Amino acid sequence: MSGTAVESAHREPAPLARPDEPGVLVVLAGNPNVGKSTLFNRLTGLGVETAHYPGTTTEVQSGKTVFRGRGFTVADLPGAYGLSGVPDEQWTARHALRDLAPDVVVVVVDATNLARNLVLALEVMESSVPVVVALNLTDEARHRGLEIDEALLSDHLGVPVVPMVASEGRGVEELVDAVLDAVGTPPATPPAYGDPVDGALRSLRESAAALKRLPEGFSARELAVAALRNDPELRVWLDALEDGAAFAEAARLARGRVRAETGERAGVVLARARHERAKTIAEEVATQVPASRARDLWSFTTSRVSGVIILLAVLAGVFGFLFAVGDALASGFSAMWAAHVSPVITDAVTAVAGDTALGRTLLWGLDAGVEASLAIGLPYILTFYVLLGILRDSGYLNSVAFLADRAMHRLGLHGHAILPLVAAAGCNVPAVAAADTLPDDRERFIASALAAMVPCSARTAVILGAVGHYLGLAPTLAVFGIVLLLDLGTGLLLDRFLPGRSSGLVMEMFPFRRPKASRVIARAWDQFREFVYVAMPIVVVGSLVLGGLYETGWLTRLAEPLSPLVTGLLGLPAVAGLTLLLGLLRKELALQLLVAMAVAITGSGTQDLTTFMSSTDIVVFALVNTLAFPCISTIAVLARRQGWRRAALVVGWTLVVALVTGGTAARVLPLLGWS
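731 is the number that my numbering gives the last residue of the sequence shown; the numbers go up by one with no jumps.
Given below as structure tokens:
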């Protein structure tokens, strides 16, 4: 099996191109968090790779697969609650469906939240394309005492319904059989919404059918729906038609009749009718026992008392696990490397280059550089991604969003903003992009600025790999506490000085689920693999450069211009300033190259940094590296989303905060008895 990313399309005229490969094109659509990407991976064998529409934060994936000797392409749309809204994911899904002209659309629905998910299914059915419904998470539904009559659901919708558990592969073959059977069949008629909606749509379909030609990618039914809801792009589509003005007038009259009869805009009436129909169908096909263990668990994890206790316990567990397991893995790996790997590399390099400046320089990269990368990456970064994946897959992060709403309002945000901030603990780049989903410009800027300051996995690795590994748990918690207080202070300042106020929180309750070990590990490995491919070569090359500078005496000369700031203000060795600058590339590079320098100078061991840095130096180094300017990738995304002026403001602010905090710590810690 192989895959290709769907080409991006501009928001203006450029359509998304249908793949050139012959065969069936299947599109997956669905709400967020329904297992759509899991099904996509099951069908194609692909990991999730991002291919954005320019100007949006969303993406479409595609991959090719073969089933029963028949080839077809699968395109995965971004998770969306509808097709007619303004958010990027709805814009992307709406245009991708029209541009790709799929042979079949598979709407993946969550069996535990059927009424909410069927709204999108009904909206997709309003287009002229065969639809198959994948009823996913049926195991979770049964676990919650929910029984769904799939045959009755299929009768109500008029399309095939396939029960499945995508995470385990159950029902996938049956789904593909249903998809291939649906190719070439007439599109199903959407369930009736009742008058005045059905009457208005009927008259508009007749007017659309009378046009000399339809806008490209539209059927008469799709154009009627777009006209009734008064789609913002409707005028553009109709202006391109010779007789578009006549249809526009018919649409205006139809909307007017609906408004006269209901007192509301036609688009609102259509949306309400769709929701009511979805709710009615769900009630008729689903039976649930009175008790709801999942809802009790939701209440327990969002309570202001028990929820906070659970949250603190989860955070303590995460960082305690990282500290204990990460430290043990780091120590064990360093000892193993020193005993078994380093001597082999040293003998090989010495045999080729001898005990010369060139040979010692090569050891900086091939021995110390590789060890520094793996000794930090494996124990801390990979472990963190696994823990974050468990929290994400369990659904607990949604409880955190609900619980955090009150606190987020004090920072000028609402509870949903906690999700980008939690995501930032993995990587700041997608977190800054995710902040674009917040409702207004003020909240997007505050969330982006705070996400850029949250310790990502790389910064966490620096704190744990330096302070945690060499100094212990208490100093590590103190560093995290200082960073947290400074982030909160930044949020309070932004809320105080930026005009406006945060909006309220409206969110859907997702069910708690047992995380799938295979999925968590696979996703963590995909994320860690990017670190290995990108960071390790930089560390090795950087170590070679530093080694060459050190062995030739140039390192001291280059470090001298930084001495007034690095040594005078922060009290650090001047060479540490050079490694801090490399944090612009990736944050963990600073520590990795510092460790590589220590290993190359003093030899492999577990106490390398303490040979030329005091305890105070290590804390100051960790604070400055964590607080000072985000990595270059984060800066680039921040500039794209918020503009270069705001990005420069964030970078400048973080640098000032880092220098002031580091300089203060360098002077206060010795007064407290630190060496």
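We put the beta carbon where it would ideally sit given N, CA and C, even for glycine. No experiment lies behind these values; they were computed from the predicted model shown.
Within 10 angstroms of its Cβ, does residue i collect 16 or more other Cβ (buried), or is it exposed?
| i | result |
| --- | --- |
| W700 | exposed |
| Y21 | Since the first residue of the chain shown is 57 and the last is 731, residue 21 is not available in this structure. |
| S223 | buried |
| M392 | exposed |
| R466 | exposed |
| I688 | exposed |
| L540 | exposed |
| D251 | exposed |
| S513 | buried |
| H151 | buried |
| K643 | buried |
| Q583 | buried |
| Q698 | buried |
| V576 | buried |
Should residue i and residue j be called a contact, given that it needs their Cβ atoms to be closer than 9 Å?
| i | j | result |
| --- | --- | --- |
| F677 | L647 | yes |
| E35 | R416 | The requested residue 35 is not part of the displayed model; the chain covers only 57 to 731. |
| G425 | L649 | yes |
| V122 | V188 | no |
| L378 | F440 | yes |
| L542 | L434 | no |
| L170 | R330 | no |
| A679 | I538 | Looking at the sequence provided, one finds Leu at residue 679 rather than Ala. Against a cut-off of 9 Å, the Cβ pair of I538 and L679 comes out as a contact. |
| E289 | A296 | no |
| V518 | N681 | yes |
| V400 | L527 | no |
| V588 | S429 | yes |
| L494 | P476 | yes |
| V713 | T546 | yes |
| W581 | L368 | no |
| L625 | L715 | yes |
Can you find the residues in the same chain that come closer than 8 Å, C-beta to C-beta, to residue i, ignoring five residues on each side of it along the sequence?
| i | result |
| --- | --- |
| S58 | Because the pLDDT of S58 is 38, which lies under 50, any placement of that residue in the model is unreliable, and the question is left without a value. |
| T241 | P186 |
| D383 | P435, L520, G524, H525 |
| V175 | Y137, G138, R330, H331, A334 |
| T717 | I538, L542, L679, V680, L683 |
| Q344 | R200, G201, L202, E203 |
| Q146 | A136, Y137, G138, L139, S140 |
Over what stretch of residues does the beta strand (DSSP E) that includes residue i continue unbroken?
| i | result |
| --- | --- |
| I204 | 202 to 204 |
| S118 | 117 to 123 |
| P726 | No beta strand (DSSP E) contains P726, which is instead part of the alpha helix (DSSP H) from 700 to 727. |
| R126 | 126 to 132 |
| V164 | 160 to 166 |
| L84 | 80 to 86 |
| V218 | 217 to 219 |
| E342 | According to the sequence displayed, residue 342 carries Ala and not Glu. Where A342 is concerned, the enclosing beta strand (DSSP E) stretches over 342 to 344. |
How far does the alpha helix (DSSP H) with residue i in it reach, from first residue to last?
| i | result |
| --- | --- |
| T313 | The question names Thr, yet the displayed sequence has Arg at residue 313. Element bounds for R313: 300 to 318. |
| G240 | From DSSP, G240 is part of no alpha helix (DSSP H); its letter is neither H nor E. |
| V175 | 170 to 181 |
| N192 | No alpha helix (DSSP H) contains N192, which is instead part of the beta strand (DSSP E) from 187 to 192. |
| T516 | 513 to 518 |
| S93 | 92 to 100 |
| D497 | 497 to 509 |
| G451 | Counting along the chain, G451 falls outside any alpha helix (DSSP H), and DSSP gives it neither H nor E. |
| G255 | 253 to 265 |
| N681 | 671 to 683 |
| V397 | Looking at the DSSP string, V397 is not in any alpha helix (DSSP H), and its letter there is neither H nor E. |
Among residues of its own chain, excluding the 5 on either side of residue i, which ones have a beta-carbon nearer than 7 Å to its beta-carbon?
| i | result |
| --- | --- |
| T406 | G415 |
| L550 | G468, I502, A505 |
| V706 | A505, A508, L694 |
| K92 | L84, G86, D132, G135, V164 |
| A149 | A85, L133, P134, A136, L139 |
| L270 | A264, A276, L279 |
| S184 | P243, S275, R277, E278 |
| R261 | A276, R277, A280 |
| K572 | S223, D449 |
What residues in its chain sit with their C-beta under 6 Å from that of residue i, if we drop five residues either side in the sequence?
| i | result |
| --- | --- |
| T357 | G363, I366, S455 |
| L81 | T129, P158, D159 |
| V217 | V189, L191, E206, L209, S210 |
| R570 | none |
| S732 | Lying before the first or after the last residue shown, residue 732 is absent from the chain, which here runs from 57 to 731. |
Do the segment 328 to 345 and the segment 151 to 166 touch if we need at least three Cβ pairs shorter than 8 Å? The segment 328 to 345 vs the segment 151 to 166: no contact.
Does the segment 406 to 421 come close enough to the segment 445 to 462 that 3 or more CB-CB pairs lie under 8 Å? Contact between the segment 445 to 462 and the segment 406 to 421 is absent, because fewer than three Cβ pairs lie under 8 Å.
Is the segment 196 to 215 touching the segment 132 to 141, taking contact as three or more C-beta pairs under 8 Å? Judged by Cβ distances under 8 Å, the segment 196 to 215 makes no contact with the segment 132 to 141, as fewer than three pairs qualify.
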